[in-house]
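Protein chains in written order, with this note's numbering: chain S, 263 to 405; chain G, 290 to 437. In what follows, a single structure is set out as structure tokens and then discussed.
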């Protein structure tokens with residue numbers, strides 16, 4: 263077991279494998295489920311709890327550097343391709359979060375892109391943006 | 290070494306290089322410091338700092354550097370006019386720099402207009418050197434490490 267930094271971690275698409283922008287930050291993912299209160303009038307001391315049946319998966323957001331080449335529809339890394347499929351919103355595909363290390367750990371599930379945005383374009387700063395995805399079902403966690 | 294690329298770029302501008310030309314071996318536009326023996330007006334550029342940018346997979350090919358350019362002359366007004374010649378070719382510049390186009394400047398803006406200064410010459414002969422300093426922020430390409 264070893265600790266890691268973000269260096270080498272990736273968020274990749276299973277079908278659109280060529281979409282590989284320069285990612286500077288991946289965040290937002292997480293699992294959460296409610297704790298249902300099972301306390302009743304006879305409960306003493308603390309309230310009692312029971313875990314809800316289903317987790318809710320949070321969306322994942324990746325911050326990226328925007329490169330003009332990514333807007334060329336002929337480019338294999340085109341932003342157009344990650345947003346659309348034949349003019350319609352892109353279909354679901356496997357999306358993998360990889361924690362890089364000698365024994366890389368992965369989380370993968372079918373997911374869809376939920377958003378893409380470009381930050382304010384200003385002088386004397388690199389142009390940046392972000393895209394977000396939502397896993398659609400329980401991710402497979404593996405090492 | 291962005292200050293060297295800026296130096297080379299300014300040396301290529303005739304309006305500037307002709308004005309500060311100090312004769313053979315003294316082109317009048319220097320990175321770091323002026324060589325002993327230079328006489329007359331000159332420009333000195335110093336690299337102040339440079340920020341590198343990273344993605345999760347490593348360094349990216351653009352960095353942000355601040356280069357300080359000081360114009361020296363024998364009067365305040367001529368130091369300022371020399372600094373203005375530099376501003377005319379630097380502020381808003383976009384393009385290649387360096388004798389061999391070593392770096393591609395994406396943008397160049399004035400970070401700080403530091404302003405005028407005056408100092409007495411080293412031999413205390415009641416002569417003064419006037420200067421005008423401007424810090425420029427450049428975003429420009431840099432080779433990415435291969436780690437090999």
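Quick reminder that beta carbons are idealized off the backbone N, C-alpha and C, glycines included. The model shown is predicted, which means the values in this text are computed figures rather than measured ones.
- In the DSSP assignment, the residues bridged to residue 274 (chain S) are S:358.
- Nearest Cα to residue 280 (chain S) within the set S:383, S:316, S:389, S:335: S:335.
- Excluding the 5 residues flanking it on each side, residue 409 (chain G) has same chain C-beta neighbours closer than 6 Å at 417, in chain order.
- Annotation: residue 307 (chain G) is outside any beta strand (DSSP E); the continuous alpha helix (DSSP H) that includes it extends over 303-309.
- Inter-residue distance for residue 316 (chain G) and residue 267 (chain S) is about 48 Å (C-alpha atoms, whole angstroms).
- Under a criterion of Cβ atoms nearer than 7 Å, the residues of chain G adjacent to residue 269 (chain S) are, in order, 345.
- Contact annotation: the region 345-364 of chain G touches the region 319-335 of chain G, with at least three C-beta pairs closer than 8 Å.
- Taking every protein chain shown into account, the CB of residue 398 (chain S) has fewer than 16 other CB atoms within 10 angstroms, so this residue is exposed.
- Excluding residues up to 5 positions away in sequence, 306, 316, 318 lie with their Cβ nearer than 7 Å to the Cβ of residue 300 (chain G) in the same chain.
- Taking the CA atoms as reference points, residue 323 (chain S) sits about 27 Å from residue 434 (chain G).
- Taken through DSSP and simplified to helix, strand or coil, residue 367 (chain G) comes out as helix.
- Proximity of chain G to residue 327 (chain S) at the Cβ level (cut-off 9 Å) is accounted for by 342, 344, 349, 351, in chain order.
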